[in-house]
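Here is the structure we will look at, set down as structure tokens.
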Amino acid sequence: MNVNFRQVAISPRRLKYLLIQMSLLLFTVSAMICLLASVVFLLNPQPGYSLPNSLQQVLPTYLQTNHHGWELEPAYQGASNCPEQKEEWNILYHLGGNGPWVEKVDGVVEGGIQVPDGCEIDMAHMMSRHGERFPTKNAGARMIALLEKIKSSGVEPKGSLSFLGDWQYFTDSPEKHFEQLTTTGPYSGTLEAFTTGVKLRTRYQHLWEKILNRHTLFWASECDRVIDTARYFGAGFFGLDSKRAELQIISEDESKAGDTLTPGDTCKNYVDDPELGHDYGYEMLYKYRATYLPAIAHRLEKENPGLQFSDSEIYSMQEMCGFEITVRGNSKWCDVFTKKEWSQFEYARDIIHYYRAGPGNKYGKAMGWLWLNATANLIAEGPESAGPLYFSFVHDGDIVPMLAASGIFEDTQDLPIDEIMEDRKWKTSQITPMGGRIIFERLSCTPKSKSLEKEIFVRFNVNDGIVPLTGCMDGPGKSCPLNGFLEHVKRRGGIAGDFRTVCGLAHDTPDRPTFLRQPSPDNIMAAVEGREGKDKKPTKLRFWGI
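Residue numbers (numbering that gives the first Met the number 0): 0 to 545.
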């Protein structure tokens, strides 16, 4: 059979037009595929992968899910349970809470934060540290005094300190900036708080939809940087136009007793005990610092004849690394010290928190059990009655006691102060970095049996790493069955002791945080109407103090 093909003549001009159209179409399709693949990868990166600096510097922080990079490569290497992460090292994991937020990688469940098959999260209870901040007034004053000392010595810095010739301190307004959130750079506290809100809004979208028709409370202790963190978070999670989100400011005054987010301020014995109270952590820190800082001082003094440095001054140099990163995204102070010296600094930071309010302090567990017990009661009550979402914002010194009460990072022995305990669970860098957050997630799971009733479990999300609870991890994804969790909290309460008794408070003072509860729709609307009647210009995101 003969087949005749009719020839169609196409003018050169039309052919050129068609080729251009096809090229544009191919380019558009290719670009869309590349963009989609990039977003999927960035939101779900391969374990242990660190994005190159060139990409990190143009990438929005909210897509930097691993927070690696920004002139800080290579990435993390440490005593990780993940073999693929052992080939890299990241300074952010050795700053002991004095640096930006990082994801927890040690001692976590494989599979990340993915919800186990057959389960869904029906409640989330978060206790979060404030976002990245400038140094406190005391720490900042020590830094400035050190820099003035070097400048006035007349010695031109050499060797490891040669960069000081043209280096400027990371704020020229210390009286304005000290103790407040940082607002510049890829790790700014304001940006981190907002993007955390967006991240959790994305993660808990199904819970967010359940609170659309009711007011939802969230809480912050009465401190500017904590309140600002909560407000930026609220903008990211609830939205700037939210009419049903109320931030309650909880006083840090000592008179609040147990009705507080900051028990370290209200536990009288803890504040007054000169040996084993709040200052115990500093005492242990000074003892450990003496084991490694003199050698560093000797090295820097040898490079700079005419200069002498105390332990405190060397420690301030190490602190400046992390604080400058939160302002500028990088710091030349980080290069002054070796990896070993950073491991020693990291351990020094572990020591102070462990003994100041953590497992090594006699008052820590009783202080932390307040929020832990209140949260356990809400989890037992369930989302239908108690509400699905609870967000509390505090200081690291308030998270540490709660973790001590929970026992989740309890080691078999107290941290020694004459050498580094390499296999310790207590690593401040990964537990309470700036912006660090602990989320108790309640899981509602389809039972394996024919029972129609859902099975309830609890898991511990620590900075986007799921940490199993020793002795109670036989649920999906090593979660803890609800009854096992409640028994654990009750048992830990017996170990902690009664808050009022331990703290030397009168027995008629509050012994629990009464504010930590979502109100019923009827009650909150009545309260709102009453308050709005007094306010001439009610805000959409209400920030009423109590």
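Using N, Cα and C, we set each Cβ at its ideal position, and we do this for glycine too. Keep in mind that this is a model prediction, so the values were computed, not measured.
Just verifying my parser: in three-state terms, what is the DSSP assignment at Gly464? In the structure shown, Gly464 sits in a strand (DSSP, three-state: E or B).
TODO: Specify the secondary structure class of Arg436 as computed by DSSP and reduced to three states.
DONE: DSSP, read as helix, strand or coil, puts Arg436 in strand.
* Inter-residue Cα distance where the pair is Tyr231 and Phe193 -> If you take the alpha carbons of Tyr231 and Phe193, they lie about 5 Å apart.
Would you tell me roughly how many angstroms separate the C-alpha atoms of Trp166 and Met366, rounded to the nearest one? Looking at the backbone, the Cα of Trp166 and that of Met366 are separated by about 43 Å.
Q: Compute the distance between the beta-carbons of Gln179 and Arg132, then report whether it is under 9 Å.
A: Taking C-beta atoms as the reference points, Gln179 and Arg132 count as a pair closer than 9 Å.
Worksheet entry | DSSP three-state assignment for Ala289, whether helix, strand or coil | Of the three classes helix, strand and coil, the one that applies to Ala289 here is coil, per DSSP.
Review point. Would you report the Cα separation of Thr411 and Gly130, rounded to the nearest angstrom?
Key: In a straight line, the C-alpha of Thr411 is about 31 Å away from that of Gly130.
DSSP state of Trp166, grouped into three classes?
Note: Trp166 maps to coil in three-state DSSP.
With three or more beta-carbon pairs closer than 8 Å as the criterion, would you say the segment 395-404 touches the segment 255-274? Verdict: yes, contact present.
Original post:
Could you give the residue range of the alpha helix (DSSP H) that holds Trp207?
Top reply: That run of the alpha helix (DSSP H) goes 204-207.
Exercise for the section: Quickly, what does DSSP pair Leu388 with across the bridge? List them, please. Expected result: According to DSSP, which records beta bridges pairwise, Leu388 is partnered with Ala123.
For the beta strand (DSSP E) that contains Leu216, what are its first and last residues?
Where Leu216 is concerned, the enclosing beta strand (DSSP E) starts and stops at 215-220.
Taking C-alpha atoms, which residue in His205, Phe236, Tyr203, Lys175 lies nearest to Arg224?
Measuring C-alpha to C-alpha distances from Arg224 to each of His205, Phe236, Tyr203, Lys175 identifies Lys175 as the nearest.
Quick one: is Tyr279 buried, meaning 16 or more other Cβ sit within 10 Å of its Cβ, or exposed?
Looking at its Cβ environment, which holds 16 or more other Cβ atoms inside 10 Å, Tyr279 is buried.
- Cβ pair Thr215, Gly386 closer than 9 Å: The criterion of a C-beta distance shorter than 9 Å is satisfied by Thr215 and Gly386.
Contained beta strand (DSSP E) runs [length at least 3] in the segment 368-420, N- to C-terminal order = You should have 388-393.
(request) Starting from Ile210, follow the alpha helix (DSSP H) in both directions and report where the run begins and ends. (result) Here Ile210 belongs to no alpha helix (DSSP H), and DSSP marks it neither H nor E.
- Task: Go ahead and label Phe162 buried or exposed: buried means 16 or more other beta carbons lie within 10 angstroms of its beta carbon, across all protein chains shown.
- Result: Exposed, since its Cβ has fewer than 16 Cβ neighbours within 10 Å.
* Excluding the five sequence neighbours on either side, which residues of its own chain have a C-beta within less than 7 Å of the C-beta of Ser152, listed in chain order? -> When the five nearest sequence neighbours on each side are left out, the beta carbons in the same chain lying within less than 7 Å of the beta carbon of Ser152 are those of Gly305, Leu306, in order along the chain.
* Pro358 to Asp413, Cα distance in whole Å? -> Here the C-alpha atom of Pro358 lies approximately 8 Å from the C-alpha atom of Asp413.
Alpha-carbon spacing of Val270 relative to Asp252, whole angstroms: Val270 and Asp252 have their C-alpha atoms some 13 Å from each other.
How would you write the range of the alpha helix (DSSP H) that Leu160 sits in, first residue to last? First-last for Leu160: undefined, no H or E at that position.
Excluding sequence positions up to five away, which residues of its chain have a Cβ less than 6 Å from the Cβ of Cys320?
Here the set comprises Ser330, Trp332, Cys333.
Open item on the list: Below 8 Å on the Cβ atoms is my contact criterion, and I expect Pro446 with Glu452 to pass it. Report the Cβ-Cβ distance as a whole number of Å.
Closed with: Taking the Cβ atoms as the reference, Pro446 lies roughly 7 Å from Glu452, within the contact range of under 8 Å.
> Is Tyr186 closer than 9 Å to Ala123 when the C-beta atoms are compared?
Replying inline: Taking 9 Å as the Cβ cut-off, Ala123 and Tyr186 do not qualify as a contacting pair.
> What number of angstroms, rounded off, separates the C-alpha of Glu102 from the C-alpha of Arg436?
Replying inline: A direct Cα-Cα distance of roughly 10 Å separates Glu102 from Arg436.
Inset, instruction - Under 6 Å Cβ to Cβ from Met283, same chain only, skipping five residues before and after it: list those, please. - result: Setting aside the 5 residues that flank it on each side, Met283 is surrounded in the same chain by Ile350, Tyr354, Ile416, each with a C-beta closer than 6 Å to its C-beta; the list follows chain order.
| field | Bridge partners - Ile249, DSSP secondary structure assignment | value | According to DSSP, which records beta bridges pairwise, Ile249 is partnered with Ser220.
| query | Of the choices Cys444, Met125, Gly406, Asn460, whose alpha-carbon is the least far from that of Gln429? | reply | Here the closest residue by C-alpha is Asn460.
Inset, instruction - Answer with buried or exposed for Gln113, where buried requires no fewer than 16 other C-beta atoms within 10 angstroms of its C-beta. - result: Gln113 counts as exposed, since fewer than 16 other C-beta atoms from the protein chains shown sit within 10 angstroms of its C-beta.
Query raised in the report: I think Leu481 touches Arg458, with their Cβ atoms under 8 Å apart; what is that distance to the nearest whole Å?
Result: Not quite, the Cβ-Cβ distance comes to about 11 Å (not below 8 Å), so this is no contact.
Practice problem: Specify the secondary structure class of Cys118 as computed by DSSP and reduced to three states. | Solution: Note: Cys118 maps to strand in three-state DSSP.
Exercise for review: Have a look at the DSSP bridge pairing and note the partners of Val501.
Suggested key: None; Val501 has no bridge partner.
DSSP state of Pro480 mapped onto helix, strand, coil: Pro480 falls in the strand class under three-state DSSP.
Open item on the list: Distance check for Asn303 and Glu409, CA to CA, integer angstroms please.
Closed with: Going from the Cα of Glu409 to the Cα of Asn303 covers about 43 Å.
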